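One structure is given below, encoded as structure tokens.
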Amino acid sequence: MARAVRGLSTSGQRARGAGRVRGLGVVALAAVPTAFLGVLFAWPVVAILRLGVTDGGVAAALAQAQTWDLAAFTLGQAAASTAVAVLAGMPVAFLLARVRLRAAGWVRTFLLVPFVLPTVVVGLAFKALWPGGGVATIVLANAFFNVAVVARTVGGLWAHLDRRAEDAARSLGASPWHAFRTVTLPALAPALASSAAVVFLFCSTSFGVVLILGGGRYRTLETEIYLRTVELLDLPGAAALSLVQLAAVVGALVVGGVARRRRERAAPLRAPVTTARRPAGRERWVVGAAFTVVAGLLAPIVALVLRSLSTRDGWGLDGYRALAGSGDGALSVTGWEAALNSLQTAFDATMLAMIVGVLAAVALVAAGRARGRGARLAGETLDAALMLPLGVSAVTVGFGYLVTLDALPGDLRTSPLLVPLAQALVVVPLVIRMVLPVLRSVDDRLRQAAATLGAAPVRVWWTVDLPLAARSLAAAAAFGYVVAIGEFGATSFLARPAAPTLPVAINELISRPGELNTQTAYAACTLLMLVTAGVAAVIDRLRAPHADVGEF
Amino acid sequence: MLTVDRVTVTYDRTPAVRDASLEIADGEVLALLGPSGSGKSTLLRAIAGLESATGAVRWDGDDLAGVPVHRRGFGLVFQDGQLFPHRDVAGNIAFGPRMQGMPAGDRDRRVAELLELVGLAGYERRPVTELSGGEAQRVALARALAPRPRLLLLDEPLSGLDAELRESLALDLVGVLRRAKATTLLVTHDQEEAFTLADRLAVLDDGRIRQSGDVIDVWRAPVDERVARFLGVTAVLPGEVTDGRVSCAFGSAEVPWARVGTVTVGLRPHALRVASTGVPGEVVARARRRDHTRVTVDVSESVPGMSTVDAVATMADAVQPGDEVRLALDPGGMAIVG
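Residue numbers (numbering that gives the first Met the number 0), protein chains in the order written: chain S, 0 to 551; chain B, 0 to 337.
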């Protein structure tokens, strides 16, 4: 024992080159994402929480029955939405992974559209279908938004599962259903759990959908935080609710993190070509169910497009024409200017998110390979911490910016960079989740081979990691771009009135009376959908055949 | 010249390699032979600079402690090649020269030269994903040799190939290594591979180097029974060496290289042959091999203290379990242990 310990300490002192340098490199890489997260997330959130706590009303707010009613409703609707999304997503996952039909490719591309649609648009689409609103619409809308997460995550793993395990079960006397339940489902469990955790997270913090469909009747923690912060100026109440939300989110992240770790270790890159075949027998029923889900996903989209085209006197393009104006003074800019602003802001946000996200992913990969327990623990902590922005109220973050960013040099609060920075915060976790599995799947010995051939660490990354991950990097950038375009929560809080993004403008328009305003909003939604669908198609072209082990 | 001086590699407080020392002279091929899990790949990785270790790795006397992997000039070939999937054959081989800043024209010539050397002339534009296992391993070797490394590290280079290909590629590899005059460390668990390729042998077991020396010396005279068993010895018995002859319970044979005195004799299956004269015994098991028959013979009645021994018979002998046979000593399969 003493000998082993001495061995360890001497290895530390002598620092046989490679080890020490690599350790420093990891720390340097992790510095940028950590600083980004610290300044743009942790600091504002902590500041807001402290603001609430020092006012002394937190305990009182936590004691109120209403707080716990809100929490119960939030978690309840999130659980229901997650259940619906999982049930609807499974047949679609089967379709994507195991069925060789030309339509499957189209479904795959189309699925991305609901996921990256701005929440405002999804809210409006369901309002167009069920003007009455209610809990069921909220659940359905949240599920609509997230079917793609389940289908693509589970489908990605499913396509890589060796079909022979099922065949073995069948040859031992199991029925197809029994083989699925006892062999396939357990193998899919990590992907299922990890996607369910992510969906639960999204649903429990969903803002735009609940705001539009819930109206005054149905409120979640997220909308209540918004209400209390912006309209009632009840900071202690908002802080208390934020704390409750944070606790729920951390719980969901831990569950998801455990499942994800199992999965990223477990899924080697295997070509999915051999596992897909034409459906036969009862599989046709599953395929039928999958197409029913897809039809269900199409309905709100079609309803929205129809609404944008219908005027009081039949069909017309009035709404689209009105985009050239400012909606009877509802907006300070024209619809087209808002659209342009959206594209520009999202571009800046994507660039920022790619820099931070890729650096973080590279640091996480390096930390995961490190021998020391400390480095691995640090990596896992950073991994989980980088997911937190997905689950903390965008309103809390946004309001935190207004409180804290004064202290920084340069006037960030009124800077046009503020909105891109906030959007980047939302996009970074998605970039990491898409890039990380691909980088992790690069065999470390390829890097070692490059090193023995004379490539320095940066050169190794440039000549090995980058070319192998290039397509998923591009896909992550495109994906981040549409998510940034559609981001509503933080943007609605931070966008300057003189420079609204399209989702903010849509919300402005819809909250004003007037037929034309409503119609213009629907037209703008259609526009957003077209952009989204276009980018989604590009993403699917970009994703390398083996890259779909990444999530979403 | 490579000098490894008391190198220890520790994983999570358990040493995987302990106090390993060895030397490789310029142009020499040293095989590091050991069972799986013995720490041989770890030692190779420590030499390459891929593992942190205590002790010293020196090249021509210079300590390489502060020299990172990419500045050591040590080429490495993995068991499964690890070719860059996004580059073609030429792109893989030209990688090292490119890192050295070699101009494009010279690089192309170097690639052609190496493809010629490994017997794959004209393969430049092939995608590496379409190569067979043997071709991929040749390209991996060419890639490692391209930047003219001062030391070549081969990590079980032939283990991933099927038996026939392994044999022919091993012979090719000998030629390539001789022609390239590459100083080489070969890590393998396969004795045949080690004997085919190496000038010298180091036997690693449980993280320690048990013995090193010329291939034939180690093979004839393993230091202890454990090493002897790893080198194919299946039975040991006492013996006496006088005048260049060893005598033991199975008879006597010429061993001019052995030291005089009381010794432990190690017998590989080939040391005992089914013959018309010799020690009698009863066959208890038989297994046919590609070019001979392996038999297990019960000799407890004729050799006190021994139960069964392994021996070989020719295919023509047609022995069956239950047959009475006689076993004659063949010095080619003997070892003097200790």
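Ideal Cβ placement from N, Cα and C applies to all residues, glycine included. The structure displayed is predicted, hence computed values, not measured ones.
(message) For S:V292, report the span of its alpha helix (DSSP H) as first-last.
(response) The sequence position of residue 292 of chain S within the first sequence is 293, counting from 1. Where S:V292 is concerned, the enclosing alpha helix (DSSP H) stretches over 282-308.
(request) Measuring only between beta-carbons, confirm whether S:P436 sits less than 8 Å from chain B. (result) Here residue 436 of chain S is taken as the residue at index 437 of the first sequence, counted from 1. So, not an interface residue.
(request) Could you give the DSSP three-state label for B:Q99: helix, strand or coil? (result) Sequence index remark: in the second sequence, residue 99 of chain B carries index 100 (1-based). Coil at B:Q99, not helix or strand.
(request) Please classify B:R293: does DSSP put it in a helix, a strand, or coil? (result) As a position in the second sequence, residue 293 of chain B is number 294, starting the count at 1. If DSSP states are grouped into helix, strand and coil, B:R293 belongs with the strands.
(message) Can you confirm whether S:D464, when its beta carbon is compared against all beta carbons of chain B, has any partner nearer than 8 Å?
(response) On the first sequence, position 465 is the one that residue 464 of chain S refers to. S:D464 does not count as touching chain B.
(request) Using the Cα positions of B:A19 and S:L376, report the straight-line distance between them to the nearest angstrom. (result) By 1-based counting over the second sequence, the position of residue 19 of chain B is 20. By 1-based counting over the first sequence, the position of residue 376 of chain S is 377. The straight-line gap from Cα to Cα measures roughly 32 Å.
(request) Compile a chain-ordered list of the residues in the stretch 415-448 of chain S whose CB is closer than 8 Å to at least one CB of chain B. (result) D442, R444, L445, Q447, A448
(message) Here's the rule: buried if 16 or more other CB atoms are within 10 angstroms of the residue's CB, otherwise exposed. What is S:V548?
(response) Taking the first sequence and counting its residues from 1, the one referred to as residue 548 of chain S is at position 549. Residue confidence is low: S:V548 scores 40 on pLDDT, short of 50, so the model does not pin down where it sits. Its coordinate-derived value is still stated next. Flag for S:V548 reads buried.
(message) When you compare the CB of S:R458 with every CB in chain B, is at least one pair closer than 8 Å?
(response) Taking the first sequence and counting its residues from 1, one reaches residue 458 of chain S at position 459. Chain B, which has a Cβ nearer than 8 Å to the Cβ of S:R458, makes this yes.
(request) Taking only beta carbons into account, state which residues of the stretch 26-50 of chain B come closer than 7 Å to chain S, listed in chain order. (result) A47, G48, L49
(request) Could you name each continuous beta strand (DSSP E) segment of 3 residues or more that falls completely within the stretch 49-102 of chain B, going from the start of the chain to the end? (result) 53-58, 73-76
(request) Mind the definition here: the stretch 283-290 of chain S touches the stretch 506-515 of chain S only if three or more C-beta pairs lie below 8 Å; say whether that holds. (result) no
(message) Using C-beta distances below 7 Å, list every residue in its chain close to S:D464, excluding the 5 sequence neighbours before and after it, in chain order.
(response) Working through the first sequence from its first residue, we reach residue 464 of chain S at position 465. These residues qualify, in order along the chain: L438, V441.
(request) Taking only heavy atoms of the ligand FMN into account, decide whether any of them is closer than 7 Å to the Cβ of S:A448. (result) For the ligand FMN, the structure offers nothing, since it holds no ligand at all.
(request) Counting only runs of 4+ residues fully inside the stretch 414-481 of chain S, write out the alpha helix (DSSP H) ranges in chain order. (result) 417-440, 443-451, 456-459
(message) Within the continuous beta strand (DSSP E) that includes S:E230, where are the two ends?
(response) Residue numbering aside, residue 230 of chain S sits at position 231 when the first sequence is read from its first letter. It is not in any beta strand (DSSP E) - S:E230 carries neither H nor E in the DSSP assignment.
(message) So, for B:I46: in the same chain, excluding its five sequence neighbours on each side, which residues have a beta-carbon less than 6 Å away from its beta-carbon?
(response) In the second sequence, counting from the first residue as 1, residue 46 of chain B sits at position 47. So the qualifying residues of the chain are V56.
(request) Count the other C-beta atoms from every protein chain shown that fall within 10 angstroms of the C-beta of B:V76, then say buried if there are 16 or more, exposed otherwise. (result) As a first step, residue 76 of chain B must be located in the second sequence, where it is residue number 77. The residue is buried, with at least 16 neighbouring Cβ atoms inside 10 Å.
(request) Could you tell me which chain B residues have their CB closer than 7 Å to the CB of S:A455, listed as they occur along the chain? (result) Taking the first residue of the first sequence as 1, we reach residue 455 of chain S at position 456. The answer, in chain order, is H69.
(request) Compute the distance between the beta-carbons of S:P499 and S:V332, then report whether it is under 8 Å. (result) Taking the first sequence and counting its residues from 1, the one referred to as residue 499 of chain S is at position 500. Taking the first sequence and counting its residues from 1, the one referred to as residue 332 of chain S is at position 333. Their beta carbons are under 8 Å apart, which means S:P499 touches S:V332 by this criterion.
(message) With a threshold of 8 Å between beta carbons, is S:T451 in contact with chain B?
(response) As a first step, residue 451 of chain S is located in the first sequence; it is residue number 452 there, counting from the start. With 8 Å as the cut-off, S:T451 counts as an interface residue toward chain B.
(request) Taking S:L28 as the query, report the chain B residues whose CB atoms sit under 7 Å from its CB, ordered along the chain. (result) Within the first sequence, numbered from 1, the residue matching residue 28 of chain S stands at position 29. By Cβ distance, chain B contributes nothing, its closest Cβ being about 17 Å from S:L28, past 7 Å.
(message) Could you check whether the Cβ of S:L472 sits closer than 8 Å to any Cβ belonging to chain B?
(response) On the first sequence, residue 472 of chain S is found 473 positions in, with the first residue counted as 1. Cβ-Cβ to chain B under 8 Å: no for S:L472.
(request) Please report how far the alpha carbon of S:E486 lies from the alpha carbon of B:E50, in whole angstroms. (result) Taking the first sequence and counting its residues from 1, the one referred to as residue 486 of chain S is at position 487. Taking the second sequence and counting its residues from 1, the one referred to as residue 50 of chain B is at position 51. Taking the straight line from one Cα to the other gives about 45 Å.
(request) Along the alpha helix (DSSP H) that carries B:V278, what are the first and last residues, could you check? (result) Counting from one through the second sequence, the residue named residue 278 of chain B turns up at place 279. No alpha helix (DSSP H) contains B:V278, which is instead part of the beta strand (DSSP E) from 278-287.
(message) Could you check whether S:T73 and S:V208 sit closer than 8 Å to each other, using their CB atoms as the reference points?
(response) If you number the first sequence from 1, residue 208 of chain S lands on position 209. If you number the first sequence from 1, residue 73 of chain S lands on position 74. Contact flag unset, no.
(request) Would you mind telling me which residues of chain S sit closer than 9 Å to B:F194, beta carbon to beta carbon, in chain order? (result) By 1-based counting over the second sequence, the position of residue 194 of chain B is 195. Those do not exist, as B:F194 stays about 26 Å from chain S at its closest Cβ, beyond 9 Å.
(request) Please report the residue range of the beta strand (DSSP E) in which B:A312 lies. (result) Taking the first residue of the second sequence as position 1, residue 312 of chain B is located at position 313. Counting along the chain, the beta strand (DSSP E) containing B:A312 begins and ends at 307-312.
(message) Please return the same chain residues whose Cβ sits closer than 8 Å to the Cβ of B:V214, not counting the five positions on each side in sequence.
(response) Here residue 214 of chain B refers to the residue found at position 215 when the second sequence is read from its first residue. Hits under 8 Å: A30, A193, F194, A197, D198, R199, L200.
(request) Quick one: using the 10 Å Cβ neighbour count with 16 as the cut-off for buried, is S:D233 buried or exposed? (result) Residue 233 of chain S sits at position 234 when you count from the first residue of the first sequence. S:D233 should be labelled buried.
(request) Using DSSP bridges, identify the partner residues of B:I335. (result) Residue 335 of chain B sits at position 336 when you count from the first residue of the second sequence. Paired residue(s): B:V264.
(request) Could you tell me whether the stretch 140-158 of chain S touches the stretch 105-113 of chain S, using the rule of 3 or more Cβ pairs below 8 Å? (result) yes
(message) For the stretch 307-327 of chain B against the stretch 270-281 of chain B, do three or more pairs of beta-carbon atoms, one drawn from each stretch, fall closer than 8 Å, so that the two count as touching?
(response) yes
(request) Provide the residue(s) that pair with S:G313 in DSSP beta bridges, ordered along the chain. (result) Within the first sequence, the letter at position 314 stands for residue 313 of chain S. Answer is S:T310.
(message) Between B:M101 and chain S, is the shortest Cβ-Cβ distance under 8 Å, so that the two count as touching?
(response) In the second sequence, the residue the question calls residue 101 of chain B occupies position 102. False, the Cβ-Cβ gap to chain S never drops below 8 Å.
(request) State yes or no: is the beta carbon of S:L404 nearer than 8 Å to at least one beta carbon in chain B? (result) Here residue 404 of chain S refers to the residue found at position 405 of the first sequence. Chain B contact via Cβ: absent.
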